[in-house]
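Here the sequence shown is numbered in the numbering used here, starting from 283 and rising by one per residue.
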Amino acid sequence: RGVFLARAEVEADKSLPALREIVREVALMRDAGLTKAELTKVLAQDRAELVRTYETVTGTSARLAGLASLGLDPTFDGGASAKRQAATLTLLEAAAKRALAPAGQTRVVVGPLKALGL
Numbered sequence: 283r284g285v286f287l288a289r290a291e292v293e294a295d296k297s298l299p300a301l302r303e304i305v306r307e308v309a310l311m312r313d314a315g316l317t318k319a320e321l322t323k324v325l326a327q328d329r330a331e332l333v334r335t336y337e338t339v340t341g342t343s344a345r346l347a348g349l350a351s352l353g354l355d356p357t358f359d360g361g362a363s364a365k366r367q368a369a370t371l372t373l374l375e376a377a378a379k380r381a382l383a384p385a386g387q388t389r390v391v392v393g394p395l396k397a398l399g400l
């Protein structure tokens with residue numbers, strides 16, 4: 283379990299079309315799933331982010347302090363990354379159908395309400 287976040291920085295008068303597009307894209311992801319190329323890209327990004335987090339002494343110390351403050355073992359990130367790297371299209375499709383169901387979504391829009399035309 284965790285947070286799925288989609289966001290866009292748009293001009294205020296484009297907020298409603300942007301929100302509709304995000305909702306459409308999330309539904310597409312839920313219903314059609316990822317392609318093999320998308321999965322490959324996501325896994326590469328996951329590896330790169332893990333390396334980026336630990337590539338400097340400052341980054342390493344900050345991350346380890348964060349893990350400690352959450353009561354997590356220093357090996358947490360390596361284990362979590364290994365689990366993510368084991369993801370398959372089938373597993374992700376099932377997870378998306380569960381996690382991206384419209385009934386479980388909360389949408390937060392920050393900006394002037396009248397820009398949404400509501």
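We put the CB at the ideal spot given by N, CA and C, even for glycine.
Exercise for review: Compute the distance between the beta-carbons of residue 316 and residue 374, then report whether it is under 8 Å.
Suggested key: yes
Check your understanding: Between residue 394 and residue 293, what straight-line distance do the alpha-carbon atoms span, to the nearest angstrom?
Key -> 11 Å
Exercise for review: Over the uninterrupted alpha helix (DSSP H) stretch that includes residue 356, give me the two end residues.
Suggested key: Element bounds for residue 356: n/a, residue is neither H nor E.
Practice item. Compute the beta-carbon to beta-carbon distance between residue 382 and residue 324, rounded to the nearest angstrom, for a pair I have assumed lies under 8 Å. Key: Their Cβ separation, rounded to whole angstroms, is 15 Å, which puts residue 382 and residue 324 out of contact at 8 Å.
Exercise for review: In angstroms with no decimal places, state the Cα-to-Cα distance between residue 320 and residue 312.
Suggested key: 14 Å
**Study point:** 8 Å Cβ shell around residue 335 - same chain, five flanking residues per side excluded
**Key:** 341, 342, 345 and 359
Practice item. Hey, could you find the ends of the alpha helix (DSSP H) residue 313 is sitting in? Key: 297 to 314
**Study point:** residue 314 versus residue 380 - alpha carbon distance
**Key:** 13 Å
**Study point:** Where the alpha helix (DSSP H) through residue 338 begins and ends
**Key:** It is not in any alpha helix (DSSP H) - residue 338 carries neither H nor E in the DSSP assignment.
Review point. Ends of the alpha helix (DSSP H) at residue 372?
Key: 371 to 381
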